[in-house]
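Some notes on the structure that comes next.
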Amino acid sequence: YTDDALYLAVECMEPDVSKLKKVYNFGEFWNYDTLEVFLLPKDRELIQLIGNYEGMKQDQFDENVAKRTGYKTGWVCDARLGKDRWTVEFCIPFFLLGVIPDRKDVSMPFNLCRNSISANERSTWSFQSGPFKNVKDFGRLVLVQAPKDRQTAMEDSLRRPHWSSLFERW
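Just so it is clear: in the sequence shown, position 159 is 281 by the working numbering, and no numbers are missing.
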């Protein structure tokens, strides 16, 4: 993480990238090869971020997240195709998460899920006994406490939308 955002990158092995299904109906995004990030940084604030191998993105937020952020969620997704894999990167602003590791470590329920249509697989990082959104089966993402000289800048990031929120509006 940096002063204002958490960064995640995931590499998805794909022996035959030509079998990746092109997105034609954005409303059914989850029916394509995607990677989903689930975070529960605060009680009743489930965040679901979805990215695909083309860098397209989709999200779902609890109403509490939308209200707290004023719908200025501003997260970014990018992807890269390789010969036998695709990589997706997420930039998740602390403003969206609503928490920072300033005074102590932050531990939050977390899951990472992959939809591989070409292999007809749906897999998760932490075992799920039900749907992907089943928070009780999530693992934990731990952000270690930030250095003291970065804490003020991090606290500021909670009070203002990330630059990417402005980018999204234009």
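Don't be surprised by glycine CBs; every beta carbon is placed ideally from N, CA and C.
The structure displayed is predicted, hence computed values, not measured ones.
- L219 is positioned such that its CB atom lies closer than 8 Å to that of L128.
- Beta-carbon to beta-carbon, D227 and M276 are separated by about 13 Å, too far to satisfy the 8 Å threshold.
- In this structure, Y175 sits near V210, with a CB-CB distance shorter than 8 Å.
- Residues D206 of the same chain have their beta carbon placed closer than 8 Å to that of P137, with the five preceding and five following residues left out of the count.
- When the Cα atoms are used, Q273 and G204 turn out to be separated by approximately 38 Å.
- Membership of S279 in the alpha helix (DSSP H) is indicated by the continuous run Q273 to R281.
- Closest in alpha carbon position to F183, among G177, R202, C199 and L161, is L161.
- T124 counts as exposed, since fewer than 16 other C-beta atoms from the protein chains shown sit within 10 angstroms of its C-beta.
- Between the alpha carbons of E133 and W208 lies a distance of about 6 Å.
- Y146 and D271 have their C-alpha atoms spaced approximately 47 Å apart.
- Each residue's CA atom was taken as its position, placing N237 and D278 some 36 Å apart.
- Annotation for N256: Q250 place their beta carbon closer than 6 Å to its own, counting only its chain and skipping 5 residues before and after.
- Non-local C-beta neighbours of R262 in its own chain, meaning closer than 8 Å and more than five positions away in sequence, comprise S229, M230, P231 and F232, ordered along the chain.
- Distance from the Cα of K179 is smallest, within the candidate group V187, K164, F151 and D165, for F151.
- A distance below 7 Å between beta-carbons, with the five flanking residues on each side excluded, links R281 to no residue of its chain.
- G177 is positioned such that its CB atom lies no closer than 8 Å to that of C213.
- Ranked by Cα distance from I239, the options L168, K194, K141 and G173 are led by K141.
- For K189, the uninterrupted alpha helix (DSSP H) run begins and ends at E185 to T191, by DSSP.
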